[in-house]
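Residue numbers (our numbering): 5 to 202.
Glycine residues also receive a C-beta, built at the ideal position from the N, C-alpha and C atoms.
Everything below concerns the one structure shown next.
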Amino acid sequence: MRIRGVPGADNPLLQWLLLTLCLIIVGLAALLVRRDREMQRGMRAMAEELRQAQSRESAPERELARERSARDAFEIGLGRERAANTLPGIPLEPGLDPSGKPRQQVRLPPDATRVQLVLPVGDRRFDRYRAAIQRWTGGDDLWVHALVTATVDRRRLFVAVPVDVLAPGAYSLLLSGIKPDGTRDDFAVFSFEVTAPR
């Protein structure tokens with residue numbers, strides 16, 4: 005069987021037209037491939053940017069969570085330390101009992117090194133106070149604290165007294181306010197009797 009040629013295939017114009025069509029098709033295919041690759045690169049870049057943005061957003065959250073965890077641990081530890089170092093508070097009232105004897109009984113905790121006396125100051129307000137303890141019978145001061153400040157409650161003073169100065173017996177505590185010129189204003193006397201720990 006004899007194969008016949010395409011009529012007019014030897015026409016140079018037709019040959020150039022076919023060649024031009026082939027080149028156009030190849031060029032379009034190359035453009036499509038290039039565009040597809042660029043789209044893939046763009047999608048990968050967008051995915052990477054999104055991942056980095058999520059990482060940047062989550063980093064402060066992780067840091068905040070770490071700070072909260074550290075703060076909570078610190079507060080728990082501080083609470084335990086405060087609980088361990090909290091002194092027993094013993095409120096005192098000024099004056100004597102009706103019989104003229106020390107007004108209150110103070111029992112020292114057996115395992116304490118200090119005892120905290122809570123002293124009401126009423127309406128007397130000073131920047132600093134002076135607390136002095138002496139025996140009920142008089143004599144020199146056994147213990148003096150001249151830099152007491154009402155930092156927690158302006159109506160009360162918290163005075164930590166070493167227990168080694170408080171042997172069993174009767175005592176008086178003179179509370180004074182320190183004026184700006186350094187002079188004292190004695191305004192309250194507290195009386196108490198210390199009993200031996202059980």
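Please name the residue in L35, R134, F191 and P124 whose C-alpha comes closest to that of R158.
Here the closest residue by C-alpha is P124.
Less than 9 Å between the C-beta atoms of V152 and Y133, yes or no?
The answer is yes: Cβ separation under 9 Å.
Note down the Cα distance separating F194 from Q138, rounded to an integer number of angstroms.
Using only the alpha carbons, I get a separation of about 11 Å.
In the structure shown, what three-state DSSP assignment does A51 receive?
Here DSSP, grouped into helix, strand and coil, assigns A51 to helix.
Between L177 and L96, is the Cβ-Cβ spacing less than 9 Å?
Yes.
DSSP on V165, reduced to helix/strand/coil?
In the three-state scheme derived from DSSP, where H, G and I count as helix and E and B as strand, V165 is classed as strand.
If I measure Cβ to Cβ from C26 and keep anything under 6 Å in the same chain, skipping five residues before and after, which residues do I get?
Closer than 6 Å at Cβ, skipping near neighbours: no residue.
Suppose you measure from the CA of F1 to the CA of V169; what does that come to, to the nearest Å?
Residue 1 lies beyond the stretch modelled for the chain, which goes from 5 to 202, so this question has no answer here.
Identify which residue in F196, G142 and M43 has its Cα closest to the Cα of D101.
Considering only alpha carbons, the answer is F196.
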